[in-house]
Amino acid sequence: VQVEEGAVSLWNWAVTKHMGSVVNDEQRAKLRFVACRLVCLCKGSDPPEGTIRRQILMSMKTGKGWIDIGKPDLADGFLEIAMSSIEKLYAKLLKGNNGEADSHVHKADVEKNLFKVLTYQAESAVAQGDFQKAVMCVQRCKDMLMKLPKETCYLSILCYNFGVETYEWKRYEQSSFWLSQSYDIGKMDMKYSVGKEMQAKVLRLLATAYFEWDCNLYLDKALKAISLANQENLHPAGFFLKVKILLKSGASDEDINSAVAEFLHHEMSLDFCLNTAKLLLEHGRESVGFDFLNSLPERFESSPDLGKITLLHIEFLLQNERELLAKQKVEEIIIGHYTGKQLLPEALNRLHIILWDRAAKHYEAKSYSEALHWYNYSVSFYTPGQIDQNLAKLQRNMASCYLRLKQVDKAKEAVKEAERCDPNSIFTKFSVYKIAVMEKDTDKAVEAVIEMGKLAEKPSQHEDKLTVDENTGTNLLSLAAQIALENEQQVVAIKALEYLSEHLQDCRQLFAALKCLVRLMLSKVMAENEEKIYEDINSMLTYLTL
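Here it is as structure tokens:
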């Protein structure tokens with residue numbers, strides 16, 4: 088008796104302390120384990136009804152506790168004890184003579200406990216990968232629903248959870264079984280059903296399971312499941328999945344058009360419609376995709392995000408190399424920008440990225456005039472006199488194009504704009520340097536190199552939130568030296584290499600720079616008069632010593 092009292096006291100203590108967050112879930116499971124074991128040792132050969140009930144409760148909760156902390160193998164023994172105790176109690180109740188009404192209430196309690204134990208055993212079996220045992224337990228539960236109709240919702244959701252778990256483990260056959268069970272159980276008693284929204288959710292996952300399992304083999308089942316889901320409850324995810332399944336199956340444009348037309352009669356968000364258009368275009372359904380995109384502006388004419396539609400249109404026109412149409416769309420946006428139909432800041436940033444990407448692509452292909460065309464589109468969105476680091480970067484990119492086209496005056500104008508927007512940028516100084524070298528303006532080129540050297544010494548936060556670190560400085564100085572040598576400007580090359588040798592950390596690169604400096608200085612000395620020779624010889628000795 089003392090042991091039993093101690094066990095019950097320990098059990099109650101664990102409950103209280105867990106509610107007060109003194110013990111965690113695992114500690115509570117261990118305490119329950121000890122208390123339950125002790126009670127089982129005290130049961131005797133013919134325990135009274137109250138003792139059996141307590142043992143059932145404690146065994147069930149101990150087993151469930153182990154399942155909840157991810158140790159289902161430790162739960163099985165306790166669930167077996169609970170099952171055995173339920174059978175004993177049921178036999179005792181059948182023998183008892185406590186009045187028919189009282190007996191009926193007790194038997195109903197026993198059936199509820201039996202149902203719970205079976206669901207816990209099913210949970211444990213699924214967690215341990217014992218599919219057959221889980222199926223057997225759930226089937227027994229289904230058979231009991233006639234007597235326990237209120238448990239319909241619980242069992243339906245339990246099967247859905249099994250479907251989710253097995254889907255995540257990529258056991259699609261088992262997942263489809265559990266999800267089908269969930270849907271069927273949900274229809275058994277409409278009074279205690281999970282509701283249409285939940286049923287549709289179950290069917291959408293079932294369609295997804297068929298789709299990912301083998302779309303070609305289970306196409307009809309996937310389409311049937313998603314059609315049922317859309318009948319149960321209209322949801323954007325259901326329409327989207329249907330289109331996705333049809334695309335995967337290689338359905339005709341006509342069938343896909345019909346599926347798209349279905350949801351055009353319902354209220355759908357702009358983002359959902361854009362994702363659908365994107366899906367269609369990514370799967371090469373240009374006709375359906377572009378038709379659908381063209382129908383959206385009218386549908387969302389009052390939306391502040393209307394520009395997103397045009398942006399997506401431009402992106403896919405460019406992906407499909409329909410550049411002329413893309414240009415027309417960009418020009419429409421530019422006109423809108425100056426007639427009160429501006430893009431939201433986020434959309435405008437996205438457009439700049441699209442325009443710059445296209446320009447960069449043309450630059451790499453050496454189509455410099457075309458690159459300028461796209462950069463000029465970007466410039467159109469800036470107001471005269473605006474100071475912006477991105478505008479400085481844009482002007483530098485344009486200057487590079489002009490230099491490639493030998494249009495030096497235009498390049499100088501662009502660099503002047505870049506200097507106005509971002510005068511302390513090492514990249515702007517590099518642009519100034521390139522023009523000076525091209526014009527053979529040695530003094531200006533040397534001045535630009537000196538400025539670059541100073542900026543390389545003090546790393547700073549710069550455009551696009553990228554740090555201009557020492558590597559950037561040394562890379563630009565190295566490039567500056569290379570450009571000077573290619574243009575046969577030794578004095579400028581020497582200055583660039585001198586700054587470079589001060590900043591290089593890599594010994595191999597430093598050694599190469601110094602060798603180059605020695606050679607350049609030697610050739611300079613050979614061509615000089617005696618007055619300047621000594622100064623340069625001293626410099627050369629410094630390089631050799633280093």
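Numbering (this note's numbering), first residue to last: 88 to 633.
Even glycine gets a Cβ: it sits at the ideal position worked out from N, Cα and C.
Computed from a prediction, not measured in an experiment: that's the story for all the values here.
What is the DSSP secondary structure of residue i, counted as helix, strand or coil?
{"i": "Ala364", "result": "helix"}
{"i": "Gly137", "result": "helix"}
{"i": "Arg409", "result": "coil"}
{"i": "Ser374", "result": "helix"}
{"i": "Cys488", "result": "helix"}
{"i": "Leu591", "result": "coil"}
{"i": "His322", "result": "coil"}
{"i": "Ala294", "result": "helix"}
{"i": "Glu418", "result": "helix"}
{"i": "Glu341", "result": "helix"}
{"i": "Gly107", "result": "coil"}
{"i": "Val88", "result": "coil"}
{"i": "Thr426", "result": "coil"}
{"i": "Cys240", "result": "helix"}
{"i": "Asp276", "result": "coil"}
{"i": "Phe468", "result": "coil"}
{"i": "Ser389", "result": "coil"}
{"i": "Pro384", "result": "helix"}
{"i": "Val612", "result": "helix"}
{"i": "Asp509", "result": "coil"}
{"i": "Asn303", "result": "coil"}
{"i": "Ala452", "result": "coil"}
How should residue i be labelled, buried or exposed, when 16 other C-beta atoms within 10 angstroms of its C-beta is the threshold for buried?
{"i": "Gly337", "result": "exposed"}
{"i": "Cys594", "result": "exposed"}
{"i": "Lys274", "result": "exposed"}
{"i": "Ala364", "result": "buried"}
{"i": "Val289", "result": "buried"}
{"i": "Arg372", "result": "buried"}
{"i": "Ile68", "result": "Residue 68 falls outside the range modelled here, since the chain spans only 88 to 633, and no answer is possible."}
{"i": "Arg606", "result": "exposed"}
{"i": "Ser345", "result": "exposed"}
{"i": "Trp443", "result": "buried"}
{"i": "Ala532", "result": "buried"}
{"i": "Phe598", "result": "exposed"}
{"i": "Ser146", "result": "buried"}
{"i": "Gln286", "result": "buried"}
{"i": "Tyr540", "result": "First, the residue type needs correcting, since residue 540 is Gly and not Tyr in the sequence shown. Burial call: buried."}
{"i": "Leu53", "result": "Since the first residue shown for the chain is 88 and the last is 633, residue 53 is missing from the structure and cannot be characterised."}
{"i": "Ile620", "result": "exposed"}
{"i": "Gln473", "result": "exposed"}
{"i": "Gly107", "result": "exposed"}
{"i": "Pro135", "result": "exposed"}
{"i": "Trp461", "result": "buried"}
{"i": "Val192", "result": "exposed"}
{"i": "Gln219", "result": "exposed"}
Skipping 5 residues on each side, what residues in its chain have a beta carbon closer than 7 Å to that of residue i?
{"i": "Gly250", "result": "Ser262, Trp265, Leu266, Ser269 and Leu292"}
{"i": "Val213", "result": "Ala221, Phe249 and Glu252"}
{"i": "Leu601", "result": "Ser588, Tyr630 and Leu633"}
{"i": "Lys130", "result": "Thr138 and Gln142"}
{"i": "Val524", "result": "Ala532, Ile570, Ala571, Asn574, Gln576 and Val579"}
{"i": "Ser626", "result": "Met608"}
{"i": "Ala188", "result": "Its pLDDT being 49, under 50, Ala188 is placed unreliably by the model, and the measurement read from it follows with that caveat. Counting only Cβ-Cβ distances below 7 Å, and skipping sequence neighbours, we find nothing."}
{"i": "Glu284", "result": "Asn320"}
Skipping 5 residues on each side, what residues in its chain have a beta carbon closer than 8 Å to that of residue i?
{"i": "Phe377", "result": "Leu368, His400 and Phe403"}
{"i": "Glu198", "result": "Met231, Lys234 and Leu235"}
{"i": "Ser390", "result": "Leu357"}
{"i": "Ile154", "result": "Ala162, Tyr207, Glu210, Ser211 and Ala214"}
{"i": "Cys246", "result": "Val225, Trp265, Leu266, Gln268, Ser269 and Ile272"}
{"i": "Ile421", "result": "Tyr464, Ser467 and Phe468"}
{"i": "Ala296", "result": "Gly250, Tyr254, Tyr259, Ser262, Ser263 and Leu266"}
{"i": "Leu334", "result": "Ile343, Leu366, Leu367, His370 and Arg372"}
Kindly list the residues whose CB is nearer than 6 Å to the CB of residue i, restricted to its own chain and excluding five residues on each side of it in sequence; keep chain order.
{"i": "Glu617", "result": "none"}
{"i": "Phe298", "result": "Ala309 and Ile332"}
{"i": "Asn317", "result": "Gly325"}
{"i": "Tyr177", "result": "Val197"}
{"i": "Val394", "result": "Residue identity check: residue 394 is Gly in the sequence provided, not Val. Contacts found: Leu430 and Ala434."}
{"i": "Val622", "result": "According to the sequence shown, residue 622 is Glu rather than Val. Nothing meets the Cβ criterion."}
Any 3 or more C-beta pairs closer than 8 Å across the segment 375-384 and the segment 414-427: no
Cβ contact (3+ pairs, closer than 8 Å) linking the segment 192-210 and the segment 226-244: yes
Cβ contact (3+ pairs, closer than 8 Å) linking the segment 497-510 and the segment 476-484: yes
Meets three-Cβ-pair contact criterion under 8 Å: the segment 430-438 and the segment 450-462: no
Given 8 Å, three or more beta-carbon pairs between the segment 467-474 and the segment 486-497: no
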